[in-house]
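Here the sequence shown stands for residues 987 to 1538, numbered as in this note's numbering.
Everything on this sheet refers to the single structure shown next.
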Amino acid sequence: MLKKAFSFVFVGLLILPSFSIAQIQNSPFKKGALLQIDQWQVNDIVFSAKIDPGTNPFDITFGAIYTGPDGQVLDLTGFYNGGNEWISRFSAAEQGTWHFVTYSSEPKLSGRTGELQVQPNSRPEQKGAVGIDPENPQAFAYENGDPHFMLAFELDWLFALDYGNEAGLPNTEQLLDQVKANGFNHVVANIYAYDVGWGVAEDVPEKYFYGKPPYTAWEGSNENPDFSRLNLDLFQHWDRVLASMQRKGLDAHLMIYVWNKLVNWPEMYSHGDNLYFDYIIHRYQAFSNVIWDVSKEALDYERADPPYIQERIRRIREKDRYNRLITVHDYEFNSRYGELVDFISIQSWRSNLYSLMLEGRAVHAGKPVVNIEHGGYETGPYQTFVGNYTSPETCLVRTYECVFAGVYGSYYWQNSSWNIVVHDPFAEGQDFEPPRFDYYKHLAGLFTRYNFNELQPSYPKITTNSRVGTDNLATNGYALSNGEGLYLMFIPKDSERVNAVLPKPDSGKMKITWFNIFTGEYREQGSRNWSGWMELISPWQYTDSVVIVEEG
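Following this line, the structure appears as structure tokens:
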């Protein structure tokens, strides 16, 4: 998370704190200290206690009860951080004075009290947590009220970049900077993964290959883990990564489990399983950019069943005091238990993608829908999983098909999504064609210019037991409308032209603007008199494009 300078006040003295590598505000507990922190920013208060060498520190209960300026209460479970350190991690959306008191099964950690002053956020890129838009249950909005057009980038092995580099996060920062610069705001990643089950190229440079790491989420190795103790190096590293992401305004969509990445998992519901799962919630819940995903492809691979995933969701709800968003990367589960999650993740590779996404949106009318994996995996220089669609243009169009169905989309580049992570694809001297991240910058820009949260998809009139459709508004293409005279229509490249059938505006005139999805160019064609059958021809014929029609 983004960190601000802050001060402690001890009987009138100003004490300058030190920052952790993660750039989380971090200070040893001092009785009588007044800690000043920014709204939404993570603060770690470090407590020390020597315990019996025969005691497993992960078995010690520790937490703090925070009471806010309006009497609100947060009971935050803390966590063991190695050595003699326990941390109480706190952030707040509510400004004002907060008081805390600790509790613990270890008497040395219990009964400590302190005070924090939460001041207004001073960084414009910090907008609080992503939640559901109160004006539109199928859209996202930030805690400060700004709309959030979710655009996801899959980066499963994010945890492995710069692991063990105490000096910084050069590779992580370089790649995340490119992700952010090209319009993505939502990074999907595994907490831990070991390797893939499919073949990969033999010519991958060592600096880009992250399969079979010599560590796991627990102490020991993946082959021989000690499920009674966690690998704190991994979780401390995640602190730094999450801090970097929050500073950049990137959501961290954390997949807690992934069954097909060859991890030696403990038995379901076992002590080691619960230790890992609960520790993640307790350690990262204070990050306002965190979104929980119980498991990638949760019901596949004969690993988990619905009752287990349901129990894990309940477990998050009980332990996460900040109520971060929850989803499950598994439509088989979501289609049956959609009421348990905050947004619906769909994985659909079908060629009739637009129609399926319309259907998914209609079925789940009270929640946002995200196509978390639409089968498009843009090709890279090193052979790995290819999916069904590899052309960068096709992958982009499939994302547009999702978006114009009122559903959020996602992006995979083959050489950043899994165990091959080319962190510098745009570096000078690379001997391959770089990925087209820039295409998505144009997509994000389109829905910065036009508020996605105010738009609804339209489709041919269909009356069924599940829905009543609306007019399609055109002879072809996919339309979004705000219901107040603004229409955006995605026109596939196969169309020579589109004939718009739109309600007559009060002025009798319509302003026509075309948008090139590949270059980001807007080309205005001026105003024209409305007619009931308006022929619209793209300036880039036989190129996928968007036409914007509005009163004017």
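Each residue gets a CB set at the ideal place from its N, CA and C atoms; glycine is no exception.
Values in this document were obtained by computation on a predicted structure and should not be read as measured data.
Original post:
Going by beta carbon distance, what residues of the same chain come within less than 7 Å of residue 1106, once the five residues before and after it are set aside?
Top reply: For the purposes of this step, residue 1106 is taken as the residue at position 120 of the sequence shown. In the same chain as residue 1106, and ignoring 5 residues on each side of it, the C-beta atoms closer than 7 Å to its own belong to 1025, 1081, in chain order.
**OP:** Have a look at residue 1110 and residue 1079 and give me their C-alpha separation to the nearest angstrom.
**Re:** By 1-based counting over the sequence shown, the position of residue 1110 is 124. By 1-based counting over the sequence shown, the position of residue 1079 is 93. If I take the Cα positions, the gap works out to 15 Å.
Subject >> Rounded C-alpha distance that separates residue 1450 from residue 1493 >> reply: The sequence position of residue 1450 within the sequence shown is 464, counting from 1. The sequence position of residue 1493 within the sequence shown is 507, counting from 1. Annotation note: pLDDT 46 at residue 1450 (below 50); position unreliable, no value reported.
Original post:
Bridge partners of residue 1509, per DSSP?
Top reply: Your numbering for residue 1509 matches position 523 in the sequence shown. According to DSSP, residue 1509 bridges with 1500.
Subject >> Closest by C-alpha distance to residue 1497, when choosing among 1486, 1511, 1506 >> reply: If you number the sequence shown from 1, residue 1497 lands on position 511. Ranking 1486, 1511, 1506 by CA distance to the CA of residue 1497 puts 1511 first.
**OP:** Could you tell me the distance, in whole angstroms, from the CA atom of residue 1184 to the CA atom of residue 1247?
**Re:** The residue given as residue 1184 occupies position 198 in the sequence shown. The residue given as residue 1247 occupies position 261 in the sequence shown. Cα to Cα, residue 1184 sits roughly 10 Å from residue 1247.
Original post:
Leaving out five residues before and five after residue 1054 in sequence, what residues of the same chain have Cβ atoms less than 6 Å from its Cβ?
Top reply: Against the sequence shown, residue 1054 aligns to sequence position 68. Cβ neighbours of residue 1054 beyond the five flanking positions: 1080, 1084.
Subject >> Whole runs of the alpha helix (DSSP H) within the region 1171 to 1239, excluding any shorter than 4 residues >> reply: List check, alpha helix (DSSP H) in window: 1218 to 1234.
Subject >> Closest residue to residue 1206 among 1520, 1418, 1249 (Cα-Cα distance) >> reply: Numbered from 1 along the sequence shown, position 220 holds the residue referred to as residue 1206. Comparing Cα positions, the closest option is 1249.
Original post:
Per DSSP, which one or two residues make a beta bridge with residue 1134?
Top reply: For the purposes of this step, residue 1134 is taken as residue 148 along the sequence shown, with counting starting at 1. The partner list for residue 1134 (beta bridge, DSSP) reads 1126.
**OP:** With a cut-off of 8 Å on the beta carbons, I'd call residue 1338 and residue 1327 a contact; round off their distance for me.
**Re:** Within the sequence shown, numbered from 1, the residue matching residue 1338 stands at position 352. Within the sequence shown, numbered from 1, the residue matching residue 1327 stands at position 341. Incorrect: roughly 25 Å between the Cβ atoms, too far for contact.
Original post:
In chain order, what residues of the same chain lie with their CB nearer than 6 Å to the CB of residue 1124, ignoring the 5 residues before and after it?
Top reply: Numbered from 1 along the sequence shown, position 138 holds the residue referred to as residue 1124. The answer, listed in chain order, is 1354.
**OP:** Using only alpha-carbon positions, find the residue among 1390, 1504, 1409 that is nearest to residue 1194.
**Re:** Position 208 of the sequence shown, counting from 1, holds the residue named residue 1194. If we check each option's Cα against that of residue 1194, 1409 comes out closest.
**OP:** Please report how far the alpha carbon of residue 1534 lies from the alpha carbon of residue 1348, in whole angstroms.
**Re:** The sequence position of residue 1534 within the sequence shown is 548, counting from 1. The sequence position of residue 1348 within the sequence shown is 362, counting from 1. Approximately 24 Å between the Cα atoms of the pair.
Subject >> Complete beta strand (DSSP E) runs within the region 1043 to 1121 (minimum length 3 residues, chain order) >> reply: Counting whole runs of 3 or more residues, the region 1043 to 1121 contains the beta strand (DSSP E) stretches 1048 to 1053, 1059 to 1063, 1071 to 1076, 1082 to 1090, 1099 to 1105, 1116 to 1119.
Original post:
Among 1396, 1441, 1483, 1369, which has the Cα closest to the Cα of residue 1427?
Top reply: Here residue 1427 corresponds to residue number 441 of the sequence shown, with the count starting at 1. Minimum Cα distance to residue 1427 is reached at 1396.
**OP:** Locate the beta strand (DSSP E) running through residue 1349, then write down its first and last residues.
**Re:** As a first step, residue 1349 is located in the sequence shown; it is residue number 363 there, counting from the start. Premise fails: residue 1349 lies in the alpha helix (DSSP H), 1339 to 1349, not in any beta strand (DSSP E).
Subject >> Cβ-Cβ separation, residue 1075 to residue 1030 (assumed contact under 8 Å), whole Å >> reply: Working through the sequence shown from its first residue, we reach residue 1030 at position 44. Working through the sequence shown from its first residue, we reach residue 1075 at position 89. About 5 Å separates the two Cβ atoms, so the contact holds.
Original post:
Taking C-beta to C-beta, are residue 1502 and residue 1467 nearer than 7 Å?
Top reply: Residue numbering aside, residue 1502 sits at position 516 when the sequence shown is read from its first letter. Residue numbering aside, residue 1467 sits at position 481 when the sequence shown is read from its first letter. No, they are not a contact pair.
Original post:
Thinking C-beta only, is residue 1086 closer than 7 Å to residue 1050?
Top reply: Translated into positions along the sequence shown, residue 1050 becomes position 64. Translated into positions along the sequence shown, residue 1086 becomes position 100. Contact: yes.
**OP:** Determine the DSSP secondary structure at residue 1380, reduced to helix, strand or coil.
**Re:** The residue labelled residue 1380 in the question sits at position 394 within the sequence shown. Residue 1380 falls in the helix class under three-state DSSP.
**OP:** Within 10 angstroms of the Cβ of residue 1171, are there 16 or more other Cβ atoms? Answer buried if so, exposed if not.
**Re:** Within the sequence shown, numbered from 1, the residue matching residue 1171 stands at position 185. Burial call: buried.
Original post:
What separation, rounded to the nearest whole angstrom, lies between the Cα atoms of residue 1442 and residue 1345?
Top reply: As a working mapping, residue 1442 is identified with position 456 in the sequence shown. As a working mapping, residue 1345 is identified with position 359 in the sequence shown. Each residue's CA atom was taken as its position, placing residue 1442 and residue 1345 some 14 Å apart.
Original post:
Which residue spans inside the region 1394 to 1454 form an unbroken beta strand (DSSP E) run of at least 3?
Top reply: 1395 to 1397, 1442 to 1444
Original post:
In this structure, does DSSP put residue 1493 in helix, strand or coil?
Top reply: Locating residue 1493 in the sequence shown gives position 507, where the first residue counts as 1. In this structure, residue 1493 counts as coil in the three-state DSSP scheme.
Original post:
Where does the unbroken beta strand (DSSP E) through residue 1541 begin, and where does it stop?
Top reply: Within the shown structure, residues of the chain are numbered from 987 to 1538, placing residue 1541 beyond reach of any answer.
Subject >> Close beta carbons around residue 1399, own chain, < 7 Å, minus the five adjacent residues each side >> reply: As a working mapping, residue 1399 is identified with position 413 in the sequence shown. The residues are 1364, 1366, 1421.
**OP:** Specify the secondary structure class of residue 1321 as computed by DSSP and reduced to three states.
**Re:** Locating residue 1321 in the sequence shown gives position 335, where the first residue counts as 1. Residue 1321 falls in the helix class under three-state DSSP.
Original post:
Under three-state DSSP, which class holds residue 1305?
Top reply: Taking the first residue of the sequence shown as position 1, residue 1305 is located at position 319. DSSP places residue 1305 in helix when its eight states are reduced to three.
**OP:** Taking 7 Å as the cut-off, decide whether the C-beta atoms of residue 1437 and residue 1133 are in contact.
**Re:** Here residue 1437 refers to the residue found at position 451 of the sequence shown. Here residue 1133 refers to the residue found at position 147 of the sequence shown. Against a cut-off of 7 Å, the Cβ pair of residue 1133 and residue 1437 comes out as a contact.
Subject >> residue 1405 versus 1047, 1041, 1351, 1141, residue with shortest Cα-Cα distance >> reply: Position 419 of the sequence shown, counting from 1, holds the residue named residue 1405. Out of 1047, 1041, 1351, 1141, 1141 has the C-alpha closest to the C-alpha of residue 1405.
Original post:
Under the three-state reduction of DSSP, which class applies to residue 1164: helix, strand or coil?
Top reply: In the sequence shown, counting from the first residue as 1, residue 1164 sits at position 178. Here residue 1164 sits in helix by DSSP.
Subject >> Environment of residue 1282 [buried if 16+ CB atoms lie within 10 Å] >> reply: The residue labelled residue 1282 in the question sits at position 296 within the sequence shown. Result: buried.
Subject >> Backbone CA spacing between residue 1373 and residue 1152 [nearest angstrom] >> reply: Start at 1 with the first residue of the sequence shown, and residue 1373 comes out as number 387. Start at 1 with the first residue of the sequence shown, and residue 1152 comes out as number 166. Distance between the alpha carbons of residue 1373 and residue 1152: 36 Å.
Subject >> Whole-angstrom distance between residue 1356 and residue 1491, CA atom to CA atom >> reply: Counting from one through the sequence shown, the residue named residue 1491 turns up at place 505. Counting from one through the sequence shown, the residue named residue 1356 turns up at place 370. About 33 Å.
Original post:
Which value, in whole angstroms, describes the spacing of the CA atoms of residue 1181 and residue 1196?
Top reply: Taking the sequence shown and counting its residues from 1, one reaches residue 1181 at position 195. Taking the sequence shown and counting its residues from 1, one reaches residue 1196 at position 210. Roughly 8 Å between the two C-alpha positions.
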